Every structure is written in structure tokens, then in C-alpha cells.
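Have a look at the structure below before the remarks.
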Amino acid sequence: MVALLTLWILGWPAAATSAIGAITGAIVDTAGWLVLLFATALLVLGSLIVVSPAGRLRLGPPEATPEFSLLSWLAMLFAAGMGSGLVFWGVAEPLTHSQTLAAGAVSTTGAEATAMAITWFHWGLHAWAIYALAALAIAWFHTRRGLPETPSASIAAGWRGWLPGPLCHALGRAADLVGVAAVIFGVAGALANSIILLQAGIDSAIGWTASSMGLQLALLALLAAAFTGSAATGIGGGIRWLSNLNLATALALMLALLVLGNPAAVAALGVEALGTWLAAMPDWSLAPIRMHAADAPATDDWAGDWTITYLVWWIAWTPFVGLFIARISRGRTLRTFLLGAILVPTLVSMLWFAVLGGGALAYDAAEGELLHASLAEHYTRPLFLWLDALPSGNLLAWLVCALLFIFMVTSADSACFVLGMLSSGRTQPDLTSKLGWGLLLTALTAGLLLRNDVDVNKAVAIIGALPFTLFLLLQVVALVRALLGRQHGERAPAAST
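According to my numbering, the residues represented by the sequence shown are 1 to 497, in order.
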């Protein structure tokens, strides 16, 4: 089915992506508010588990120890969960929101702080709560009951006794199949966006305007060779090594941009945005975002275009990121797991957007909104225009390109590993399975590049997530039931190795 959809997108990119965009748009418009409330409920549930006695329970037997160090664990889940999107939207999103707010007669300072707070909302607690609870549902049933690391196992085991056995099995198998579609479309949409940005970065770094499509397809071929080679080594090899390199490169870039940019302006905006974010979180978590100015253009359509789309995009990555995080989290307590998987990545993401977005906004204010004007050309333009104006801008542009490429390789090889697990039912999928999914992922990304539209890539990325939302709900209910049973004296079998 995925292959047929890929052929459709490759052969008729405009018609195929327009149809997919219309479907996703209609569903988001109709049921988007339910997705927001669901994400908020997951955040509340995670918080309750952390402060409850269940937080002391361990993923595995009492004597289990973590397979990976804390730093490697955080690096892998962060690289898999956000990846290249942080680079793509680091400057573009705060600029876009501030432009929208300023058009609604919000003061420049107030618009910038609110724009930063909205960006943090999109990339923060709700996103990581979705990932963490999905991962915990899989990890619990695997490490405590010895079941496979798949959505189907948690659904079949958690709903047994409430639903007939054959129905539980059918729902579980459907969850795995829909999960495959969600993973491959979600990752392909992110890769297509990232390759567009990478091509813009190379053009900026070398001052060469190549054939955009030719360069993009060449970069895709290089990416495919890199991530299939890395995926062949498994999690303990290339994936762990690349994740650690990812984290080190991202921190180096963030520090360089902070020092070379405008640290005072970044700090001032960060403090103001933090106050806005904390004050607005309850309201934004329970209803689509609306700007506080009465005449601001904050309609339900605008909220759907950003907030709801982001939440659905995180759900699109949930079968992939959730399963991957579950795979690397054995031996940690539920409290450590949830705090590490929700709070730490959220704080790093907030710092990242404060440095990149805040620095770019400060430069834009001093240069007569040059970056805002460049948004009309493309989302990729502001980042490299800002880098060109900084000392050692050419070197920074190459560093961004390197980070972007490593992020893409990390996300894609992790996706191939998870696709192999879901389709084969094995903890260690064979090389043929991973290479097959890698080729299909490459073909689908190529189809999206032929259309070359960032908004279309976003729509395609969430098409698989919409049906998977129901299966994620089934997983979470199964987890809650298992934890409540454990707290009331139910003893789970020892985990298998």
C-alpha cells in the first residue's frame, strides 16, 4: 500500500499531494481540538505518574540497569524525536509568528515574546508527552511482561478481558500496519523539508546557484547511502555514535550563535517569553491558540495551520519515536524515564529557539526587518541571510549544513530500524528489511521533492498520524490499566531477555 502511494506521488506529485492535503486539512479542521485536548491529557497523565508511587517502578526487573549512559540516552531520544526540524524552523518559526502578530497591531516587543512562547509551546511539553507516553506503553509491556516492542503487543495485552481476544489481536495488528504508514510518511515529509533547507545552505555557503532539483536529488542519494549504511550497524553502533555527534554539534552551533549574535537581546527576549509561556500554558493547552490582542488575526484557521498540525505531526512520528525510545530505555524507573523524556528535551528545545530565533529577531529589528521580508521568498531564506551577517558566517553555514545532514541520517536510520521491527515483529530486524524500507523512504522523499512545497510536505507528513491517534489512545488506556493493576497488587511476570 505504501509503495502504491509512493508511485502515485512520484508519477503525479501535484495531484497526489493536493488530494492528501485536502484530506488532512478537512480532518484537522473538524477534529483538531480533540487532538489538542488529547495531548494535554497525556501531559497531565505523565505528571501524575511522576509524582505517584508508580514512578518508582522500573522498566524491567528490580535489578535491571540501563543499557546506555544517561547522556547517550538523552542524545538518542532527542535526535530521533526532533531532529532536522529544529534547524529548519529554528529561525523561520519565531519570525513567522512575530510577523503574524505584528500584522495584528501587537507591539513589536510583545509580538516577539509571544511568538517565542508559541514556538516553545509547539516544540515543548506537549510534543514530548506524546512521545513519552507512547514509548512508556510499549516499554512497560515489553520489559515487564516480555511482549514484543510493538503497539500491537500493548493493545492486545492491555485490552484483554475488556474485548474479545480476536478483536484485541485485530486492533493490535491494525495499529502496527497504520504505524508503518505513519512512520514512513512522517519521516519522508521531514526529510523533504530538510533537503530543501540543506540545498539552500550549500548554495549560500559556496555562493553557487545550482539546479535546485538536481542538487536536491543528489543530496537525497547521498543521504540514502549514509542512513542505510548506519542502519545496518544497529542501535549500539551507528545510531548511538551519530546521536552523540549530533548533540555535540548542535551545542557547538548554539553556543557560537549566542556569542557571535546578540546575547543581551537573546537573554531579554528569553526572560519575557518565559513569563508569557508560563502564563499562557493553561489557556493554550485547553483551546486552540488565540492572540490576546482583540484585533489580532488569530483565527481557528491560523491555529489549525500551526498548533494542531504540529500536534498531529508529533503523533505521526509516535510509532517511530515511541518505539525507538522504548527500545533504548530498559532499566530506568518510570519517574526518571518521564522526567528525562519530557522535561530535558523541552528545556533544550526552548534554549535552542531562544538562541536562534531570538538572535535572528534582534538582527532583524536592527536591519529594518530584512529577514521578515525574506520569508515571502521561502522559509529557508532567513536563516542563511542572518548567518551571512555574522562573523565567520560562511563557516557557520557549513556547520548548519553538517548538523542538518547528521540529523537527517539519525532520523532516517532510526526509522528504518523501527519499520523493520514493526513489519517483521522481530526486535532485531534483518538487513534486507531495513534496506527495503530505506529504498521506499528514499523514493517517497523524492516524490515530495518533485513537488517542492514545504506546506505540502507537512500535509503528507501527518496523513498517517490521523488514524493512528485512535491506536495511541488504546495504548495509553492499556498502560493506565496495567499501572493501576500493579498498584492494587497485580504481579507481572518477569521480563524476558
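Cβ coordinates follow ideal geometry from the N, Cα and C atoms, glycine included. Note that the structure is a prediction, hence the values are computed from the model and not measured.
Bridge partners for residue i per DSSP, in chain order?
i	result
residue 333	58
residue 163	160
Taking only the alpha-carbon atoms, compute the straight-line gap between residue i and residue j and give it to the nearest angstrom.
i	j	result
residue 351	residue 257	12 angstroms
residue 242	residue 161	43 angstroms
residue 225	residue 366	43 angstroms
residue 77	residue 341	7 angstroms
residue 16	residue 323	29 angstroms
residue 145	residue 139	10 angstroms
residue 250	residue 86	10 angstroms
residue 290	residue 338	Only weak support exists for where residue 290 lies, its pLDDT of 47 falling under 50; the coordinates are left without a value.
residue 368	residue 264	19 angstroms
residue 455	residue 158	37 angstroms
residue 124	residue 347	8 angstroms
residue 7	residue 1	10 angstroms
residue 498	residue 465	Because the chain in this structure spans residues 1 to 497, residue 498 falls outside the shown range and cannot be described.
residue 394	residue 133	41 angstroms
residue 551	residue 202	For the chain, the structure presents residues 1 to 497; residue 551 sits outside this window and is missing.
residue 276	residue 421	42 angstroms
residue 34	residue 312	11 angstroms
residue 427	residue 170	21 angstroms
residue 147	residue 38	26 angstroms
residue 94	residue 165	49 angstroms
residue 432	residue 419	12 angstroms
residue 70	residue 336	10 angstroms
residue 26	residue 194	26 angstroms
residue 18	residue 24	10 angstroms
residue 262	residue 399	19 angstroms
Less than 9 angstroms between the C-beta atoms of residue i and residue j, yes or no?
i	j	result
residue 48	residue 329	no
residue 444	residue 9	yes
residue 354	residue 468	no
residue 349	residue 190	no
residue 90	residue 357	yes
residue 50	residue 472	no
residue 197	residue 391	no
residue 372	residue 199	no
residue 310	residue 92	no
residue 361	residue 63	no
residue 318	residue 182	yes
residue 175	residue 474	yes
residue 401	residue 205	yes
residue 273	residue 128	no
residue 359	residue 477	no
If distances are taken between C-alpha atoms only, which option among the options comes closest to residue i?
i	options	result
residue 56	458, 331, 384, 383	331
residue 438	383, 187, 135	187
residue 457	184, 158, 65, 140	184
residue 110	412, 270, 426, 311	270
residue 253	448, 194, 383, 51	383
residue 172	154, 182, 181	154
residue 407	398, 247, 459, 92	247
residue 479	30, 90, 75, 136	136
residue 114	425, 259, 280	280
residue 344	38, 126, 414, 360	126
residue 414	75, 11, 165, 46	75
residue 12	451, 483, 470	451
residue 285	213, 117, 403	117
residue 122	474, 25, 306, 177	306
residue 403	14, 245, 229, 177	245
residue 177	313, 424, 130, 380	424
residue 43	26, 131, 27	131
residue 483	46, 40, 205	46
residue 3	268, 22, 446, 262	446
residue 88	40, 430, 405	405
residue 282	40, 180, 179, 72	40
Within a Cβ cutoff of 7 angstroms, which residues of the same chain sit near residue i, ignoring the five residues on either side of it in sequence?
i	result
residue 370	364, 385
residue 96	375
residue 499	Any answer about residue 499 is impossible in this case: the structure gives the chain only from 1 up to 497.
residue 65	331
residue 326	135, 138, 139, 142, 149
residue 409	223, 226, 227, 230, 242
residue 481	158
residue 28	304, 308, 309, 312
residue 156	168, 169, 172
residue 14	451
Can you find the residues in the same chain that come closer than 6 angstroms, C-beta to C-beta, to residue i, ignoring five residues on each side of it along the sequence?
i	result
residue 416	231, 434, 437, 438
residue 501	The structure shown does not extend to residue 501, since the chain is modelled only from 1 to 497, so the question has no answer here.
residue 429	420, 421
Using C-beta distances below 8 angstroms, list every residue in its chain close to residue i, excluding the 5 sequence neighbours before and after it, in chain order.
i	result
residue 299	Because the pLDDT of residue 299 is 41, which lies under 50, any placement of that residue in the model is unreliable, and the number read from its coordinates should be weighed accordingly. Around residue 299: no qualifying Cβ.
residue 449	192, 195, 196, 213, 216, 217, 220
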